[in-house]
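In UniProt numbering, the protein residues as written are 1 to 153.
Listed below in structure tokens is the structure:
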């Protein structure tokens, strides 16, 4: 069974269990789109899945768990226990995540941050820009720029 068909089956199952019509869950998703989703004509975005789950009165993960469980021919419990074990193994089960993607730190960014930290450390110890430059072996212009830069620049 395709994932699209599994999602359609899960959506229709939850809607039927809740005793709702397509029109009743069409507050933020138009009824024709709900119909297309339930007949596996189209797929749902993450945002649409969230809106549908909210309209159905369930967690978005419930809707997707049922769809994935049907797709993999497993029970929802088996799937969720596997997910929990995986999250625990990754150290993510109890971690609150940011709502924004984190920027990737390139090697150049890591090196720049390291240089900034070294300059700020010497500045805090009371060294002059010239002394810090000699100690770090960096050009004076670089040390001067890092000397006056704030962390979030």
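Quick reminder that beta carbons are idealized off the backbone N, C-alpha and C, glycines included.
Note that the coordinates shown come from a computational prediction; the quantities given were computed from them, not determined experimentally.
Check, Outcome
"Can you tell me whether residue 82 is helix, strand or coil according to DSSP?", "helix"
"Three or more beta-carbon pairs under 8 Å between the segment 85-93 and the segment 60-67, yes or no?", "no"
"Can you give me the C-alpha to C-alpha distance between residue 68 and residue 15, rounded to a whole angstrom?", "17 Å"
"My parser needs the alpha helix (DSSP H) runs of 4 or more residues fully inside the segment 53-99; what are they?", "60-72 and 76-89"
"At which residues does the alpha helix (DSSP H) containing residue 39 begin and terminate?", "Per DSSP, residue 39 belongs to no alpha helix (DSSP H) and is neither H nor E."
"Leaving out the 5 sequence neighbours to the left and right, which residues in its chain are closer than 6 Å to residue 43 when beta-carbon positions are compared?", "4"
"Grab the span of the alpha helix (DSSP H) containing residue 120 for me, first residue to last.", "107-124"
"Please classify residue 6: is it buried, with 16 or more other beta-carbons within 10 angstroms of its beta-carbon, or exposed?", "buried"
"Among 106, 83, 21 and 146, which one has its Cα closest to the Cα of residue 94?", "83"
"Suppose you measure from the CA of residue 34 to the CA of residue 102; what does that come to, to the nearest Å?", "33 Å"
"Tell me whether the beta-carbon of residue 70 lies closer than 9 Å to the beta-carbon of residue 108.", "no"
"By a C-beta neighbour count over all protein chains shown, 10 Å radius and 16 as the cutoff for buried, is residue 25 buried or exposed?", "buried"
"Does the beta-carbon distance from residue 122 to residue 132 come in below 9 Å?", "yes"
"Can you tell me where the alpha helix (DSSP H) holding residue 44 begins and where it ends?", "Where residue 44 is concerned, there is no enclosing alpha helix (DSSP H), given that its DSSP letter is neither H nor E."
"Would you report the Cα separation of residue 53 and residue 117, rounded to the nearest angstrom?", "46 Å"
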